[in-house]
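With my numbering, letter number 55 in the sequence shown gets 67, and the count goes up by one each step, no holes.
Please read the structure below before turning to the comments.
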Amino acid sequence: MWRLLYSLVIRAAFPLILARLWWRGRQEPFYRRHIGERFGYYRDTPSGQPLIWLHAVSVGEARACAGLVRGLKAAHPGCEFLLTCMTAAGREALRELHGESVRIAWLPYDYPGAVRRFLEHFRPRLAVLMETEIWPNLVAACSEHGIPVLLANARMSEMSARAYQRWQGLARPAIAALTLVCAQSAEDAARLRALGARRVEVTGNVKFDSAPDEAKRAEGRAWRERVARPVLLLASTREGEEKMLLEAMPVPEQNLVVLVVPRHPRRFDEVSLFIAKDGLPVSRRSRNSMPAATDRVHLGDTMGEMDFYYAAADVAVIGGSFMPLGGQNLIEALSAGVPAVLGPSMFNFAEATRLALAAGAAVQASDAAGAIGEALRLLSSPEERKRMGAAGERLCDVNRGATRRHLELCREILAPRLSPAARD
Numbered sequence: 013m014w015r016l017l018y019s020l021v022i023r024a025a026f027p028l029i030l031a032r033l034w035w036r037g038r039q040e041p042f043y044r045r046h047i048g049e050r051f052g053y054y055r056d057t058p059s060g061q062p063l064i065w066l067h068a069v070s071v072g073e074a075r076a077c078a079g080l081v082r083g084l085k086a087a088h089p090g091c092e093f094l095l096t097c098m099t100a101a102g103r104e105a106l107r108e109l110h111g112e113s114v115r116i117a118w119l120p121y122d123y124p125g126a127v128r129r130f131l132e133h134f135r136p137r138l139a140v141l142m143e144t145e146i147w148p149n150l151v152a153a154c155s156e157h158g159i160p161v162l163l164a165n166a167r168m169s170e171m172s173a174r175a176y177q178r179w180q181g182l183a184r185p186a187i188a189a190l191t192l193v194c195a196q197s198a199e200d201a202a203r204l205r206a207l208g209a210r211r212v213e214v215t216g217n218v219k220f221d222s223a224p225d226e227a228k229r230a231e232g233r234a235w236r237e238r239v240a241r242p243v244l245l246l247a248s249t250r251e252g253e254e255k256m257l258l259e260a261m262p263v264p265e266q267n268l269v270v271l272v273v274p275r276h277p278r279r280f281d282e283v284s285l286f287i288a289k290d291g292l293p294v295s296r297r298s299r300n301s302m303p304a305a306t307d308r309v310h311l312g313d314t315m316g317e318m319d320f321y322y323a324a325a326d327v328a329v330i331g332g333s334f335m336p337l338g339g340q341n342l343i344e345a346l347s348a349g350v351p352a353v354l355g356p357s358m359f360n361f362a363e364a365t366r367l368a369l370a371a372g373a374a375v376q377a378s379d380a381a382g383a384i385g386e387a388l389r390l391l392s393s394p395e396e397r398k399r400m401g402a403a404g405e406r407l408c409d410v411n412r413g414a415t416r417r418h419l420e421l422c423r424e425i426l427a428p429r430l431s432p433a434a435r436d
């Protein structure tokens, strides 16, 4: 009954969905391409090999699952791989990471007919959904088609758990239908079990296993040396955060380069205009690889270069944490040996935040002004920055291994579903 009502609601939203695709396509044209895939219509014909499917909603999940994709490809060379996403930036990231070695497509919206057509077209032997992608009709259709579903790198904050409880008539059957949940932490596992998950394993966070682009890191370090000024990175900022963080910056900080990297590429021009209107001298990486001596702000308006940006920074303020959005990936800063300054909202990375604060690799502030104050304090304290950076690198080393544990569980599920030839 609940799923029927849900399906009726999203069916009624059909015109709004099309309007949103058109609107997003103004700045990101890829949203207007392959629209049929959004509704379960695909042109490419599968090869006939056993197919393993992984879904990563956007850029963060695409990068997080890269090691898992590589490991599955190495373990199952006789299989074909399908990677799906929902955002244009996510699709671009998947193509950048895997090239032509995998199929890449949009995941259809959660209409019963669309997900049925998707599954009947590709016929996956295993579905791997990253983090919190639990779509009721999709999971139900996988169950009906006998397709095991693994929820990988799963997280469930207290806030999200309360929301799922409010809609438990819809959420509980979907969560109970998951074959296996690989939770980031014991707390995530407990919440998922309380919501109905039948089998939950604590595997850790695969983002600790992400392999950096060492060439980009070397380029970033060289950039920082050429700038010859302290570099404060505002990393993966969301709408409204650039304004509050830059306004909290003391005016006399002329010797500082503030490197601003918005989370979404569609906002690059908007952020550049805002900074210029505020009277701050600004340059853009896509146009000027180096800031001029008078530039106070350098806009990181390129995709796929977070390894460069973190390596270029002395201190990183993590975006998405100054609005009630749950924060962005602080593990990238820790891995690069860069002290991380966090805002109050980090519930999407609750366990990593707890570990980083306990290890002394990060500090947390209650608001933007407090975060800028902490960042400036760290910029004036090289010894403390060095200690925090080393603590972050150690923390990442200790917490690696989640990808291996995911691969072991995938192998267990896949073993009875693949022919001997496919397993060779």
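Each residue gets a CB set at the ideal place from its N, CA and C atoms; glycine is no exception.
As the structure is a computational prediction, the values presented were derived from the model and not from experiment.
In this structure, what does DSSP give as the bridge partners for residue i?
i    : result
V309 : V270, V294
E213 : C194
F93  : I64
I330 : A247
A166 : A195
Q39  : None; Q39 has no bridge partner.
V375 : V353
V161 : A139
Residue j and residue i - do their beta-carbons sit closer together than 8 Å?
i    : j    : result
I187 : G208 : yes
A198 : L80  : no
A374 : L390 : no
G248 : G349 : Reading off the sequence shown, one finds Ser at residue 248, where the question assumed Gly. Cβ atoms of S248 and G349: not closer than 8 Å.
L245 : F134 : no
V114 : H418 : no
V140 : L66  : yes
L268 : R241 : yes
R44  : L33  : yes
A74  : C91  : no
R229 : A323 : yes
C408 : S333 : no
L192 : L421 : yes
D122 : I47  : no
A362 : A352 : no
M358 : G339 : yes
G52  : G125 : yes
A195 : T215 : yes
E231 : F320 : yes
P120 : R50  : yes
Q39  : R278 : yes
A153 : R128 : yes
A117 : F42  : no
R167 : N360 : yes
L337 : R250 : yes
E226 : M335 : no
L342 : A368 : yes
H88  : L388 : no
Hey, quick one: how far does the beta strand (DSSP E) through residue i stretch, first residue to last?
i    : result
S19  : From DSSP, S19 is part of no beta strand (DSSP E) but of the alpha helix (DSSP H) over 14-24.
W235 : Premise fails: W235 lies in the alpha helix (DSSP H), 226-239, not in any beta strand (DSSP E).
A117 : 115-118
L354 : 352-354
Residue range of the alpha helix (DSSP H) that residue i falls in?
i    : result
C77  : From DSSP, C77 is part of no alpha helix (DSSP H); its letter is neither H nor E.
A186 : 180-188
V151 : 148-156
M318 : 318-324
L138 : Premise fails: L138 lies in the beta strand (DSSP E), 138-142, not in any alpha helix (DSSP H).
E259 : 253-259
G382 : 380-391
H418 : 414-426
D122 : It is not in any alpha helix (DSSP H) - D122 carries neither H nor E in the DSSP assignment.
P277 : P277 -> no alpha helix (DSSP H), and no H or E assigned at all.
D409 : 394-410
S347 : 343-347
R299 : That residue, R299, is in no alpha helix (DSSP H); it is neither H nor E in DSSP.
A101 : 100-110
Return yes when the C-beta of residue i is under 7 Å from any heavy atom of the ligand GTP, and no when it is not.
i    : result
A362 : Among the ligands in the structure shown, none appear at all, so the ligand GTP cannot be discussed.
Would you call the region 236-253 and the region 196-213 in contact, with 3 or more CB pairs under 8 Å? no
Taking one C-beta from the region 91-105 and one from the region 62-78 each time, how about it: are there three or more such pairs within less than 8 Å? yes
Looking at C-beta atoms only, is the number of pairs between the region 325-339 and the region 384-400 that lie closer than 8 Å three or more? yes
contact_flag[the region 267-276, the region 305-317] where n(CB pairs < 8 Å) is 3 or more: yes
Indicate whether the contact test is met: 3 or more Cβ pairs, each with one atom in the region 401-421 and one in the region 290-309, closer than 8 Å. no
Taking one C-beta from the region 141-151 and one from the region 162-181 each time, how about it: are there three or more such pairs within less than 8 Å? yes
How about the region 248-263 and the region 380-390: do they share at least three Cβ pairs that are nearer than 8 Å? yes
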